[in-house]
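Residue numbers (the numbering used here), protein chains in the order written: chain A, 1 to 671; chain B, 1001 to 1113; chain C, 2001 to 2511; chain D, 3001 to 3188.
Worksheet for the structure shown next.
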Amino acid sequence: MSALGWLAVAAGGWGLAVLAALAGGGRAGAIRLCCALSGLGGAAAMAGGVSALLWGNGPVVTVGPAEVAGSLQLQATSLAGVFAALLGLVAVAIAAYIPRYHEPGPGTALYLAVYNLALVASVAVLAAGGVVTFLVAWESMALLCYLLILRHPSRDAVAGGAFWFLALSETGFVLIIAAFVILATKTHSMELSVIAARAHLVSPAWRDTAFLLALAGFGFKAGLVPLHVWLPEAHPVAPADGSAFLSGLIVKLGAYGIALFAFRLLPAQPAWTGLVTMAAGALTAAIGILYAMNERDLKRFLAYSTIENIGIIVTAFGAAMIFGAYQQRALAAFLLLAGLYHVANHGTYKTLLFLETGVIEHAAGTRDMDRLGGLIHRLPRTAVISLAGTLGIAALPPLNGFVSEWLIFQGLFQGFRTGSHLLGILIVTAAATLGLTGGLAIYAFVRGYGIPFLGMPRTRPAAAATERGQPVTGPALLAVACVALAVGAPVVLLVLSRAMRTVTGVGLRPVLLPGNLTVLPAHTDFSAFSPTWLAVFLVAVTAVPLLIYLAGRPRADSVTVPVWDGGMVAFKPRMQYSAMTFSAPTRVTFDALYRPSVSVRRASDDPAGRSGPVHYESAVAPLFLRYLYRPVIRAVEWLADVVRPLQSGDVSLYLFYVFLMILLAYLVGAL
Amino acid sequence: MPLWFARGLRRGIVTTRYPARPDRSAAGLPTPPAFRAGVIDRRLADRLVAVCPSRALHRDGGVLVFDVGRCTACGRCQEAAPWAVTPSGEFELAGTSPAQFVKQIGLVQEVGQ
Amino acid sequence: MTALQPVPAGTLASLLTAIGSASVRDGGGAVTVPVPAARLETAVHHLAGAGARLADLFATDGDQVTLRLVWGLDTERQYLITETAIDDLEYPPLSDIAPAAFAEECEIYEQFGVRPAGGKPLNRVALPPHAGPDFPRLGHQPAQPPAEVHAPHTVGGQAFEFPFGPVRQVGVESLYYGLVTSGEEIVDLYLFTWHKHRGLEWRLRGRRPAEALFLAERAEGLSATAVAWSVAAAVESALGAEPPPAALLTRGIALELERLYNHAAAMAALCQSTGLSVGQAAAEIALERLLRVNAAVFGHRYLFGVVEAGGVRRGPDLAALQVGLPGGYGELRRAADALLATNSFMDRLEATGIVTTEQARRLGLVGPVARASGVAVDSRVDQPAAPYFGHPPAIAVRGTGDVLARFQVMLDEAAESVRLIGDLAAAGPGTGAAPLPGGGGAGLGWAESPRGEALAWVSLDADGRITRARLRPASVRNWRGFDDAARSQNVFTDIPIIEASFWLTVAGTAR
Amino acid sequence: MSGGSRARAVAASPAARAPEGDVLAARLRQRVASQFGRSLHIRTLDTGSCAVCEQEIRLLAAPHYDLHRLGFFFTPAPRHADLLLVTGPMIRAFDVAARKTYEAMPGPKLVVATGACALGGVYPADAFVYGAVGEILPVDVWIPGCPPSPLALLQGLLVAVDRLAEKVSGLTFTAGGDAEPPAREAER
């Protein structure tokens, strides 16, 4: 069956899931059936994605009269293959997760219907072969996600978070429409493949305009700084699987949009647009991780880390564009491949982490790191699975995050191959920024894992947490996927390099995979490593000493003594590093960015009478909200007041408006 | 640092050779008393017990019991009866059982003072 | 050496009229006036306003609890003791007027069950957590169990508590630090010392002065002479005994020798805390030589058993002094010069652990700590007694209040001590003790220990047994300046340096 | 040699000391070297001393005495300590900390009670103090003196090493690796 066929099957499965959810009316059985169908759809989507990667772009299938612009045009492309496969994986994991996470009920049924519709919309975005199809699918995907976030509209901050999502998403949508309209009008086609074929006819000015519009428009969805503010607002208020879906997939669709314009519709962009893209990506990565560092809410923390990872991906894309402009087509393909690899990896472990956050929230009743602690004893399964995801996202070998980030770095380090000193320096600067980001990411995730899971419970609920009846299969599946994506890197690269031949026309494989599980970054004379052997080695260096110890340890039975605590102190939870104290050094180092505010309150300020509680707070200022969005919001409100007179309520006046618009449209068309 | 290096060379070695050789500085140290046998009667013994601030002395019938471990070498008993109590000059006192520290001094019948 | 003199207290007469007390008992440099409970608050206002220094605050327990405030009228060259009988269980919150009184308020509550009005939270000072109502206390009626006494130190928000101790580094006393930190800066710092409380004041009751001195020396062994001297002087002024002048000269020599070796030890500790091993070795050579001088001159490395009620038990071996002292001090001086020339060392000291003049005065700090902060208090000069009448020391004062200032003050004092020892030795010190006359009484005694003014107040009954003894070594005072000094820094590693420069003992404050 | 010290405690014979000192030092070095690789690690514990014993202990490491030359070292971590040098009359409020410190040490371990307070001299047992270290910890070596001078401390450490040699030979390698469990542990 063709890739498009598989995707159709997936959409069908999800359609059935919608029906099952609505018909079942929230009964447990119906929900389980719905999830089973959803999972099957996911499997089909994975099959479709992989086959699209392997067998290249399929034909454009038009449903309905071809000459009607509004007809449904579908095409399975290699570029979308990675995203489709990821969509499938996420769908399967979430399907396995939902039955134990959501309690049965009509609300859940409705939620599931919306969720599966969102899956359909997403796959439609990926399979869209025409402009109109793409835009319709995109907009419906956005609206359905808005509904997803509104799962519990009565809770506070939910409406606000959802509105941030919708507002920014619609703003971006306008820019996307503009970009597509430019291309469609300049190439006289609404079909993406035709647009791609005729792109060289468009004048450079229009092409760059269209690209920048698309970059900004999709940047809103992908969360490029400073367009990122919706992520930390929307993720915490959505249900865990909703957040996972948002971070695991929807955000990636933004990246897909950027890739679609950069590598399919408008190949051979000038270097400076690539530079803009790369700069935006690097900035996003650094800012994202820096803000993640000072979040106490696990979901906000993960949301900011998503921003960071999107930054890494977009950096890779931008660099690929630069290399493309400088005829380094092998490196360009290599960096695009690395970026897509990172898309798959991040989708995997970020989904995992959000799902496990849901488990923690159900088990301990909070997402505030400073109210958790010691969970590794209470939630061992969760701890192990989360550790896999954490190692992955911290880009530590032998997990998958390390592989893709290593590839990206190897690509960036070859900036000198552009032949331009300036560009070489700029690309390596981006690499350095990513290096800082990577270091901070390890710091951030030592904190993000250590504070909740290690040490002592900081609150009674955390001490009483239990994972009985909590979902496990979904996250476990993703953990396995994380390991597979690392150990099986050569296979993944094999598949991706085939896709690159379709997308960029460059056959990477001979250089990239010289055999014996080694990977070379696009050029034989630069560097090489083998994720598989590295994993084997790391397992060995930990296992061998352990075995030696177990074999040779003295037979006399040892005694266990309590931790040395300096004598008299009975350790109290308040005597361990908290999330905010752990990240205090960053607040000092980057205070220019954070503008931290400090307040100390004592029971008595009398130096001799000092006693009683000491209360210390250090808050980080939300710069972008304060200095970027507040003014915009005020301006919009002012504008709304200004144009209110147009709203007279007189029908004839409205008809007049319509007439004017049509006239305007004709004039524009005539020009 | 070279300054300190030079100082060290100029200063030379001050480290004691103890235990290989005896250390002269030990001479100046206060040491527990040694009780001359045959001159202490019960009355004197009771006076010594009374002046001892650290309960190192007590009389057990006809015997004056001296616990070296409790002695702080304050010298009050020597002041009280210099003819009967003299410094032992002994500072290597560490032992591995409390019993080692308990010394019995036999008392004589009334001695005229 | 510019001395920032405290605000001149009004003349004693004007003060007494101000606090409205007629009957005055004068005893050896200390004036005792009764103040009715009703007028206590105004009296404290007057005295504190006039710049008098609240040196101590303690209670005695007859048929009713009596509060005694010891004021240092440093420009009047004497002490003023106000006696106030507390008839109910509360008295005006004195620490609101004179913050220096806070720790004593807590102590008095623990021991006697009377507390300052207004119900401000009180800290645990001496009573261990396991102490029940039957735990021995100085007061007749047992205070409430100390559960309510100790204001809990809790940490809220984004700071956490860094526990340290009580078992700390090697060769130091047990002390518990509660270090409240945000991860970077030190938000708060508090100390627990009750695990070294040996109930000395409780033990001294019913003892004869001789036995009392034996224990008093061991209250703070590193200032044995000073504490013993203060207790002996208290007994003497209580019973009206006149120690022979030669004995007083001997006491003076012992006290200055004590100051010398303590400052050498402080220098060694400073080097250790700054990680300067060579400097530590040099300072320890000086310290060891000075200790051997002590042993040669007085027969004990730490000068135990020199002071006796009414005089001294041992006279100095002046020959040994002439032989030993120059060499020992020469070592100290050379080590100090080398240290002052070592920038890596000096940089750690400068602007570290600052105690401002205002803090020092507010908290009633004494000794080198206060003098390094520009408060020129020194009981050898402010409340001079024999042998210092004829041999006044020059007070070393610095203004900056940092570790460096304390270090320099110690060096200057060491030099001054050597000069004083020369004078006193020339003045013909000797041994001997005046017999203690019978009949009871109460009196105040003081001596300037290496850490600052050590106070003692003793009352004896008719047959010469102690009914109440108050020991106030300098450590009791200066520890309360320590957390301010520590919080003026943001760096953990400075805290050992600050502790070394304060050179206090836990034994002294917990007694 | 402990027997020797018992004999000499009453009637001193300084003349007889030097040769025996040589023998003693030789045996000590050989023991410490063979059993503890010239590194017997000492942790100090203050259970209410007057701060003078601490000063003398600090001076052990000073140039005049330099206990490192004999293979002794101070360590702040009881986990690494072979010998616990205890001062003070063992204040009741402190016994938990004392026991914790002792239990934190790996066996075979020694407890050396240092100074008259620790040996029950200065403070009688009462509500404040136990009066002697032996009440709480299983003391192996007692060092009298108020304070014991650094030389006396050195000699005490030599005695302790002999004691440790006995302990090592007496090891049973049962749980805990320490032949004698701390006193009073059973009751509490």
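Note that the Cβ used here is the ideal one computed from N, Cα and C, for glycine as well.
Own chain partners of residue i with C-beta closer than 7 angstroms, once the 5 adjacent residues on each side are dropped
i: residue 457 of chain A; result: 373, 374, 463, 573
i: residue 139 of chain A; result: 173
i: residue 2085 of chain C; result: 2037, 2064, 2066
Between the CA atoms of residue j and residue i - distance to the nearest angstrom
i: residue 309 of chain A; j: residue 2190 of chain C; result: 44 angstroms
i: residue 366 of chain A; j: residue 549 of chain A; result: 40 angstroms
i: residue 416 of chain A; j: residue 3080 of chain D; result: 54 angstroms
i: residue 2355 of chain C; j: residue 238 of chain A; result: 53 angstroms
i: residue 2098 of chain C; j: residue 2016 of chain C; result: 19 angstroms
i: residue 3118 of chain D; j: residue 3087 of chain D; result: 6 angstroms
i: residue 608 of chain A; j: residue 2103 of chain C; result: With a pLDDT of 48 at residue 608 of chain A, under the threshold of 50, the predicted position of this residue should be treated as unreliable, though the coordinate-derived value follows. The alpha-carbon atoms of residue 608 of chain A and residue 2103 of chain C are separated by roughly 8 angstroms.
i: residue 292 of chain A; j: residue 282 of chain A; result: 15 angstroms
i: residue 475 of chain A; j: residue 3061 of chain D; result: 58 angstroms
i: residue 3075 of chain D; j: residue 3063 of chain D; result: 18 angstroms
i: residue 3066 of chain D; j: residue 1015 of chain B; result: 7 angstroms
Residues of its chain near residue i, where Cβ-Cβ distance is below 8 angstroms and the 5 sequence neighbours each way are ignored
i: residue 3091 of chain D; result: 3047, 3048, 3128, 3129, 3130
i: residue 2392 of chain C; result: 2380, 2381, 2384
i: residue 3109 of chain D; result: 3081, 3082, 3083, 3084, 3102, 3178
i: residue 452 of chain A; result: 298, 360, 369, 372, 373, 375
Short CB-CB distance (under 7 angstroms) between residue i and chain A
i: residue 3109 of chain D; result: no
Residue i at chain C interface by Cβ criterion, 7 angstroms
i: residue 3048 of chain D; result: yes
i: residue 1053 of chain B; result: yes
i: residue 3104 of chain D; result: no
i: residue 617 of chain A; result: yes
i: residue 609 of chain A; result: The predicted position of residue 609 of chain A is uncertain, since its pLDDT is 49 and thus under 50; a value taken from the coordinates is nonetheless stated next. Yes, because at least one Cβ of chain C sits closer than 7 angstroms to the Cβ of residue 609 of chain A.
Neighbourhood of residue i by C-beta, 6 angstroms cutoff - its chain only, sequence neighbours within 5 removed
i: residue 278 of chain A; result: 315, 318, 319, 430
i: residue 440 of chain A; result: 289
i: residue 405 of chain A; result: 395
i: residue 2301 of chain C; result: 2291, 2294, 2295
i: residue 2526 of chain C; result: For residue 2526 of chain C there is no data in the structure shown, the boundaries of chain C being 2001 and 2511.
i: residue 162 of chain A; result: 146, 149, 150
i: residue 77 of chain A; result: 57
CB contact below 7 angstroms: residue i versus chain B
i: residue 3096 of chain D; result: no
i: residue 3136 of chain D; result: no
CB contact below 7 angstroms: residue i versus chain D
i: residue 2177 of chain C; result: no
i: residue 561 of chain A; result: yes
Beta bridge counterpart(s) of residue i as assigned by DSSP
i: residue 675 of chain A; result: One cannot answer for residue 675 of chain A here, as it falls past the ends of chain A, which runs 1 to 671.
i: residue 519 of chain A; result: A:529
i: residue 2449 of chain C; result: C:2452
i: residue 2061 of chain C; result: C:2065
i: residue 3046 of chain D; result: D:3087
i: residue 2444 of chain C; result: C:2457
Residue i: contacting residues in chain G (beta-carbon distance under 8 angstroms)
i: residue 576 of chain A; result: Note that chain G does not occur in the displayed structure, where the protein chains are A, B, C and D.
Could you tell me which whole beta strand (DSSP E) segments of length 3 or greater appear in the stretch 1001 to 1064 of chain B?
Segments of the beta strand (DSSP E) lying fully in the stretch 1001 to 1064 of chain B: 1033 to 1035, 1057 to 1060.
Entirely within the stretch 2063 to 2143 of chain C and at least 4 residues each: give me those alpha helix (DSSP H) ranges in chain order.
Correct list: 2094 to 2097, 2102 to 2112.
Fully enclosed by the stretch 2173 to 2254 of chain C, which alpha helix (DSSP H) runs are 4 residues long or longer?
With a minimum length of 4 residues, the continuous alpha helix (DSSP H) runs that stay inside the stretch 2173 to 2254 of chain C are 2200 to 2204, 2209 to 2217, 2224 to 2239.
So within the stretch 2 to 86 of chain A, which uninterrupted beta strand (DSSP E) runs reach at least 3 residues, ignoring any that extend past its ends?
With a minimum length of 3 residues, the continuous beta strand (DSSP E) runs that stay inside the stretch 2 to 86 of chain A are 61 to 63, 72 to 74.
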